[in-house]
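Engineer: If you scroll down you'll find the structure; I have some questions about it.
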């Protein structure tokens, strides 16, 4: 007999967690079906904290959905651009250095196609730099446009490298801590504390329901009987076992709620998200400052080449018209009686002015 009682106690102890889980599941199902009339309400302050935590969680998801692209080197790379492996085999700086030492067209071509120790990154700035250096080799090296394209290629590579440095900083100082906050503080600590509150509430409501409707937690309506409003029995009508079960469930619910409030306040009060955002902005600021400095140095050089090209164009145009002007003068001077004298004077005048 003692063995049977011992087995019964052992079975009840081992079965208790499963019974509690089943009771919570049954209570949850009743609530979903609209059959629970006395659902315990959570404190308003607690509900407000839940809303704030959910909002902060969505903030992290929204930001990471975009900033995660900083881990993709080619996020701004032209999607329809077709570059070969040879195009990406060497950096622009390496190509420019090799081209400056090339003594023939074959050596220049080898400088553009021979693989180097470091492959070229696939970013927009690097791509436009490669297009510029390749274009510069298609025209005469003395052409100001070739010089400008080469300088623009080097500047574009520098901007591209600055962008890669920005991306690395953002990954380290924004994406990584933001992901940790989302996956740990929000999805683990806060979520676990809230689940504990929900489980405690379901346990409490399940205990109340059993005290009111019997061990099953609900009453079986008789045929033809009119449903009566369910009223929770007063403490005087509760058995000692029911009273102890409800009081224990209430204590568990209050304790879980207080703990969850503390956890959620800690999650909400941390300065980490704002600090991470400041680091994100600073990284972008440094990149754009660097790009501004590079282009500010490049722009006057390009303008100078443009001015020089225009000056040469004017000189060439002037020189190209002088032989026609001389022919024009000599032709019309022939209608005078002293055409040889007049022609010599005109030629002397042109020579004095620097004509050919």
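Residue numbers (the numbering used here): 1031 to 1386. By construction, the Cβ of each residue, glycine as well, lies at the ideal position given by its N, Cα and C atoms.
By Cβ distance, which residues of its chain are closer than 6 Å to residue 1290, with the 5 residues on each side in sequence left out?
Structural biologist: Closer than 6 Å at Cβ, skipping near neighbours: 1223, 1224, 1227.
Engineer: Determine the closest residue to residue 1318 out of 1175, 1190, 1082, with distance taken between C-alpha atoms.
Structural biologist: Here the closest residue by C-alpha is 1190.
Engineer: Can you grab the Cα-Cα spacing for the pair residue 1090 / residue 1213, in whole Å?
Structural biologist: The alpha-carbon atoms of residue 1090 and residue 1213 are separated by roughly 10 Å.
Engineer: Closest to residue 1305 by C-alpha separation, out of 1202, 1114, 1185, would be which residue?
Structural biologist: Comparing Cα positions, the closest option is 1202.
Engineer: Taking Cβ positions, are residue 1293 and residue 1220 nearer each other than 8 Å?
Structural biologist: Against a cut-off of 8 Å, the Cβ pair of residue 1220 and residue 1293 comes out as a contact.
Engineer: What is the DSSP secondary structure of residue 1348, reduced to helix, strand or coil?
Structural biologist: Helix, per DSSP.
Engineer: Alpha carbon to alpha carbon, what distance is there between residue 1328 and residue 1181?
Structural biologist: Approximately 7 Å between the Cα atoms of the pair.
Engineer: Ignore the nearest five residues each way along the sequence and tell me which others in residue 1288's own chain have a CB closer than 6 Å to its CB.
Structural biologist: Cβ within range, chain order: n/a, list empty.
Engineer: Could you tell me if residue 1081 is buried or exposed, where buried requires 16 or more neighbouring beta carbons within 10 angstroms of its beta carbon?
Structural biologist: Its Cβ having fewer than 16 others within 10 Å, residue 1081 is exposed.
Engineer: Alpha carbon to alpha carbon, how far is residue 1345 from residue 1176? Give it in angstroms, no decimals.
Structural biologist: Straight-line Cα distance between these residues: approximately 20 Å.
Engineer: Following the continuous alpha helix (DSSP H) through residue 1199, name the residue where it begins and the one where it ends.
Structural biologist: First-last of the alpha helix (DSSP H) with residue 1199: 1174–1200.
Engineer: Where does residue 1242 land, buried or exposed, given buried means 16+ other C-beta within 10 angstroms?
Structural biologist: When all chains shown are included, residue 1242 counts as buried.
Engineer: If you measure between the beta carbons of residue 1083 and residue 1297, is that distance less than 8 Å?
Structural biologist: Going by C-beta atoms, residue 1083 is nearer than 8 Å to residue 1297.
Engineer: Can you list, in chain order, the residues of its chain with a C-beta nearer than 8 Å to that of residue 1283? Leave out the 5 residues immediately preceding and following it.
Structural biologist: The residues are 1070, 1227, 1230, 1231, 1233, 1234.
Engineer: Secondary structure at residue 1113, three-state DSSP: helix, strand or coil?
Structural biologist: Coil.
Engineer: Please report the residue range of the alpha helix (DSSP H) in which residue 1080 lies.
Structural biologist: Run containing residue 1080: 1074–1097, per the alpha helix (DSSP H) assignment.
Engineer: Kindly indicate which residue of 1309, 1148, 1320, 1299 has the alpha-carbon position closest to the one of residue 1216.
Structural biologist: Nearest of 1309, 1148, 1320, 1299 to residue 1216, Cα basis: 1299.
Engineer: Drop a sphere of 10 angstroms on the beta-carbon of residue 1074, count the other beta-carbons inside from all chains shown, and report buried for 16 or more, exposed for fewer.
Structural biologist: So residue 1074 counts as exposed.
Engineer: Give every residue of the same chain whose Cβ lies closer than 8 Å to the Cβ of residue 1157, excluding the five residues on either side of it in the sequence, and list them in chain order.
Structural biologist: These residues qualify, in order along the chain: 1107, 1108, 1111, 1113.
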